Each structure stands twice: as C-alpha cells, then as structure tokens.
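The sequence shown lines up with residues -24 to -1, 1 to 612 when you count with mature numbering (1 follows the signal peptide of the UniProt record, and there is no 0).
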Amino acid sequence: MGVKECALLVTILLVQSTLESGAGDVDRLVRLDAVVLPQVEAAWAKVTDPNWVNLGKVGGIDIKLVKLFRKIAEALEGLESAVPPGLGDASLELAQLDEEVKALEGFFETFRTFQGRNDVAVWQRDWRNFAEAALQTTPPSVRAALERVHQIVAKAPDESFYRHVLQDGDAVMCQGGQSLQQLIFNLYTYLHMVQLKGYVMLQFSWMLLRLYGKGNFVTESMNEKNKFYKRFDKQMEMARQVLETTSNEMRRCDPPKNIEGETYAQITRLLQGYIQNEVDMNGDESCSENCAYYSYAKQHGCFKNGFCARQPSCTGRILNCQFVDADMGVCLSDIGSTRRYNWIQYENGRTLGKRGTCSKYNVVDSWWRWLVLHCSYCFCLCDEPGRHSDRYFSLRPSSSNTTFNKVVTGVRFAKRNRMIHLQIQEGELLPHGGINQNSVSWRPVPDFRIDDPDVKDGVDYHTLSWESRALDLDDVKLPPKCLLTGVRLRKLGDHLNLEAECSLFNVTTGKLVKPATRKIWLGNDNTDGSVAFPREELILKKPDDPMAALPGCPAVRSTSNMFIKFVNSDIDADAAQTTVPFIDIQSVAPSPATPLVGVGIYHRGCQNSGGYVAPKVMTYDASQHLLETVTVGSEA
Ligand SMILES: *[C@@H]1O[C@H](CO)[C@@H](O)[C@H](O)[C@H]1NC(C)=O
Ligand SMILES: *[C@@H]1O[C@H](CO)[C@@H](O)[C@H](O)[C@H]1NC(C)=O
C-alpha cells in the first residue's frame, strides 16, 4: 500500500469513528462530502496514472480499485433512513421517489456484496455487468435513478415533494418524533447521502470499464461530476426555501392509551365538589340563610351526625355553595380514590356525574326546622390542602451539565413526591448543531419533599390554591446563537411562569461559550394586568374529566401569551370531582436528539374536556450550515 492510499485509509477510518450520531447530522454530511468526493477524484488520478495501470495483469488492478472503493463505501454505510414509515403512501410523487431510492440502495447493496467476494474467476464478468447496468441511461440503472431523484427533489417549493410530507403535518410529527423542520432536513440529508452513494457507484463503474479497456470515460465522468455539484446546489437551495417556512415545533399528540403515571399526571383535590348542609357551616347551627350565602365558609360541626358523619369532611375552605335540590342520592367513592363522589342524583332528576352501579349509596335529605327554616344540603367546592391533595409545582431549575458541554435535548413534566417538575433530557453538543447520540439521557429530577427541613413554600415549590392556580402558557424562543440549557417555573405575580436558560455556543467548535458565566434566563414577563397586550385567559367551558374525552381530537387550544387556571371539572358532567387540566407527562424529545432553541407550555384537549397542559420544544435549524457543506464539497 502506497503512502497516499494509506493516508486515505486513515482519513476514512477517522470519518467512520465520527459517524456515530444520528441522521440529519450536518457535521457528518460535511465530513462525508469533504472526504468522499476528493477520494473519488484521487481514484481517478490513479486509474489514469500509467504507473498504476501498468502495475500488473488484469485481475490485479481491478482488485486494487475495488479495495479502494470498499473503503469509500464503508464510510457511506450505516446511514439510517430518515424517511418515516409509510411515507411512500402519501402521494404518487413520494411513491416514485421511494422507488428510485430503493433502486439506488439496491445497487449499493450489490456493490457491497461484490466487494466482499474473492472468487476471481467470475469476478471480472460480474463486475463488468454491474458497471454496465449502473451506467445505462434507462432504468433500472444508477444513472436513471439519480436523474429521476433530482427531478423530484429539485422542484420549486410550491410544487415540491416536501409539501406532501408536510400535508399531514401533525401526524408525521407525532409518528416520527421530530419537528417538521427537522423531518424535512433529515429527509434532505438522507437523499443527499443516497445520491452520494449513486455518484460513487457511477464513478467507480467508469473507472472499472476504463481499466477493462472499454473506453476513456474522462469526459463522461467530468460531466457527471459537474452535474452532481450543480444538482446539489439546486436541491439545497430548494430545501432551504422549504425549511425557512416550516415549523420547528415539536410536541406530542394524544397517546393511543392514557395511563396515569405514564402518559399523564393529575393535580388532585384542588377544588372539588362537596356536599354540606348549611347547618354545619356556621357556629350557631343556624339554618336562617340559603346556600348562596356561603361563598366562603368552613365546616363548624356535624349536626346530629347526619350525612356529614358518613363522608370525609372538608377540613379546608368551603367555597361557592349553591342550592341544587333538597333531596338526593349520593354515590360515595371508594376510600383512596381522588374523588369524593362517583355521582349524585337529585330528586328532581338532575344528575351530577355519570350514573353507574354503586357500592356506597346514601340517601341524603334536607329537612325543615319549625316548619319555616329549610336546612338545605348545598353543593359547594372544597379547597383542602393536605395529604389527599397533590397541588405542588417545583420551582427549582433543571439545567444541563454545561460544564461538560451538555445542552437540553428534551423536556417533560414529571410527578415526584406529589410535586410536578419540569424534567430535562440532556446530550453533548457537537459541531454544526450535532448531538452525540450516545450521550443522551434524562437528568433525574431533584428528590425533595415539601416537609423536608430546609424546603420552603414559595422558594423551592409553589402550592396551588383558590387564589393562586394559574399557569402561564408561553412559547419562549431563544435569541440567535443561543441554545437551551435549562428550564424552570417561577412565580410571576400569582402565576406560574415558564423560563428558559440560554447559553451561547460556537457552531464551528460545537462548544458552549463560557457557560459558567454567560447563561441567562428568559421568559415572557407579560401579565394579565398589563395595559398594552394583557395576557389572555384560556377559559375551559364546562370541562369534563379528560379521561371521558373521545380519542382523536388532539386540538391545541392555546396560543402563546395566554394562561390557564387549574379548576374543578364541570358540575353536571363530573360532579366537579376532578382537577383539570391534567398534566401531560409524555416525553417531548425529538429523535434523533437535536439541540433546542425554545420551549413552551400549551393546552391541548377536546371541546368540553379538561384536556392537558403539555410542554413543547423548538428544534435547532441545522440547515443553516448546508452552505458550508457544498462549499467544502466543491473545493475537491
Ligand atoms: C457533569 O458531568 C460530570 C462528568 O460526568 C460529573 O462529574 C459532574 O458531577 C456533572 N455535574 C453536574 C452538575 O451534574
Ligand atoms: C469559534 O471557534 C473558532 C475556533 O476556536 C474561532 O476561530 C471562531 O472565531 C469562533 N467563532 C465565534 C463566533 O466565536
């Protein structure tokens, strides 16, 4: 092996060792183009070099060429398809693209298989057949497939095949676990790689046929090379235009099955429907008022061990009482349930909640005192902090390990020790917006409890209450040159408000810049009290228990700069037993992992359902560096 060949081998091995990150990695693209294209050039220099050609007899030189290309091909192997499953079904154009790509991959597979053979007897014949087939201008051939792929990929954005991919945007995002921008970009890089494979096979074929004395082919190969670079410029330009108008948001949709602790968590018993007789809500055992009088009360006693003795009492505040009807049947929930009642049916027929069979049925009748005063059972709300009510949000920040150059690659809500946390996934940042996929992991949420000695309400966590139960719904987008390295909730007035930590980074080196001192927290400081554009409340209309909602209405109901209040579910639909919205705890972590440039909290749900609050993230647009790719490639 000559010095030059040896150097080439070393370079390719180096490239391979850096190829571990996922699809859509610009850095890989840059390196591959920068290495593979010059190596193809170098190979041409060899086959046209009289010394090399005269090295030996036939069956010797072609072996050398095959070996050379085996190394090149190895660098191109193991590229994951970034094409989401079933994409080919979306349109005729995509089906065609799919077919051409499969043709190219098929040729490449044969190329790789032949490279592994050592049966020299049939070797020359098979290789010649391969080369001739690859070079044909009519399909099936590498040349024709490349032509066709280019025709489809290079179309202007308004008639681009990418639009078929975007058409079913939400489904693709949910299925593929990528933002649409990421998806398009990964698709672009994949197609680039596939075409690179095709190009390598074409050049190899000409070189081989030249060695077999079938012609000169220098002009053909030069033409192909020029065409190839021009095509990539064009395809890149088109992809850039599409990407500029494509959303970089990634969020989750409703899962096929809702499972508490896996896909959602609940705030429990923040405000809950509660039946109390007015006689127990004042110190005098009086019935001289009506239910509406008790808008802010508490339980004082339990008169004559009535219904109050048969249900767990509300030891907190009793709010917003109303009179529904005097006599009722109450189905108490089982001990341990977050509900107090399964359902209530009044004598006048009105039913609160969904009537079903019942194991703890109670007849509850109001009564007259001295024939003039009605001691009514009222329907109220109970606000009762305590061990049955999970109503805490962590205020501690979750930041990535910036000392070790890690950035946030995913976010999710997590419930731990009865408290809701924002948890992060982190990964090591690489050049050109890459992430070392092997370094990606979820950072454990801090393990603390509200009753730990040095843990303080208002500092380490927030307790929801009637007065303070709003969560701001915002998209926090970071300024350019910034990547997300942390998330946290803070108190902004009475509201919980999302903040994002921004760290500067150097794209070329893939290093965070002075992370210890140059990090800042950013959020939307706007409040509902502001004069210009006050924050708007997202009001849930008659919200039912989210579990009662039919699947398949995954509507996003909020926009940035809104807020939502945790509230009891609807009285009629659910006897006000559930606290809504629920917390979506599904992971929002694009795959392959990618740096993030924003984070948000939004509300998703069906009409008349409590729905979910959930995080979303915005992915980094690595296509900004495509220009570099082609520049590097063209230098060859
Ligand atoms: C950051 O990572 C290093 C190496 O794994 C570890 O030693 C260190 O404790 C981590 N720091 C933080 C804050 O997690
Ligand atoms: C990024 O790092 C490279 C190499 O250290 C340096 O030459 C370049 O100026 C840096 N870029 C920025 C924007 O700081």
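Positions of the beta carbon are idealized from the N, C-alpha and C atoms, including for glycine. Predicted model, so just to flag it, every value in this text is computed and none were measured.
Name the DSSP bridge partner or partners of residue i?
i, result
"Q298", "F355"
"D341", "D303"
"K592", "G576"
"V564", "V387"
"Q248", "C358"
"K541", "A446"
"W346", "According to DSSP, W346 bridges with nothing at all."
"N412", "E404"
"D520", "S585"
"E225", "M594"
"I396", "F369 and K391"
"L187", "Per DSSP, none; premise fails for L187."
"Y205", "DSSP lists no partner for Y205."
"A241", "I559"
"A273", "I294"
"S374", "V463"
"V532", "R580"
"I320", "V306 and L328"
"E236", "Y240"
"residue 614", "There is simply no residue 614 to check, as the chain begins at -24 and stops at 612 in what is shown."
With a 10 Å radius around its C-beta and 16 neighbouring C-beta atoms as the bar for buried, classify residue i as buried or exposed.
i, result
"A147", "exposed"
"W344", "exposed"
"P491", "buried"
"Q127", "exposed"
"M198", "exposed"
"H438", "buried"
"H276", "exposed"
"I540", "buried"
"P555", "Reading off the sequence shown, one finds Thr at residue 555, where the question assumed Pro. Buried."
"P519", "buried"
"T222", "buried"
"F137", "buried"
"Q112", "exposed"
"V340", "buried"
"Y337", "exposed"
"V435", "exposed"
"R326", "exposed"
"G153", "buried"
"K391", "buried"
"W484", "The amino acid at residue 484 is misidentified as Trp; the sequence shows Thr. Counting Cβ neighbours within 10 Å, T484 comes out exposed, since fewer than 16 surround it."
"R93", "exposed"
"Q401", "buried"
"C529", "exposed"
"L(-12)", "Confidence in L(-12) is poor, its pLDDT being 28 and thus under 50, which makes the residue's placement too unreliable to answer from."
"P455", "exposed"
"F509", "exposed"
"G(-3)", "With a pLDDT of 45 at G(-3), under the threshold of 50, the modelled position of this residue cannot be trusted; read the value that follows with caution. Under this definition G(-3) is a buried residue."
"D260", "exposed"
"Y175", "buried"
"F380", "exposed"
"G362", "exposed"
"K173", "buried"
"G462", "buried"
query = In chain order, which continuous runs of the beta strand (DSSP E) of length 3 or greater are located wholly inside the segment 418 to 506?
reply = 437 to 439, 446 to 449, 451 to 453, 458 to 468, 471 to 482 and 496 to 499
key: Pocket of ligand 2 defined by Cβ to heavy atom distance under 6 Å   = N482, T484 and T485
query = Which residues, in chain order, sit with a beta-carbon under 7 Å away from any heavy atom of ligand 1?
reply = N377, T379 and F380
Any 3 or more C-beta pairs closer than 8 Å across the segment 421 to 438 and the segment 448 to 456 = no
task = Pick out the complete alpha helix (DSSP H) segments inside the segment 87 to 142, 4 residues or longer, and give them in chain order.
result = 96 to 111 and 118 to 129
Given 8 Å, three or more beta-carbon pairs between the segment 249 to 263 and the segment 284 to 294 = yes
inquiry  = Could you check whether the segment 559 to 574 touches the segment 127 to 137, counting it as contact only if at least three pairs of C-beta atoms, one from each stretch, sit closer than 8 Å?
reply    = no
ask   = Is it true that the segment 580 to 590 meets the segment 549 to 567, where meeting means three or more beta-carbon pairs spaced less than 8 Å apart?
value = yes
message = I want to know whether the segment 253 to 264 touches the segment 557 to 566 - three or more CB-CB distances under 8 Å.
response = no
inquiry  = Below 8 Å, how does it come out for the segment 201 to 211 and the segment 308 to 319: are there three or more Cβ pairs, yes or no?
reply    = no
message = If contact is defined by three or more beta carbon pairs under 8 Å, each pair taking one atom from either stretch, is the segment 185 to 194 in contact with the segment 36 to 44?
response = yes
query = Do the segment 160 to 168 and the segment 95 to 111 make contact, defined as three or more Cβ pairs closer than 8 Å?
reply = no
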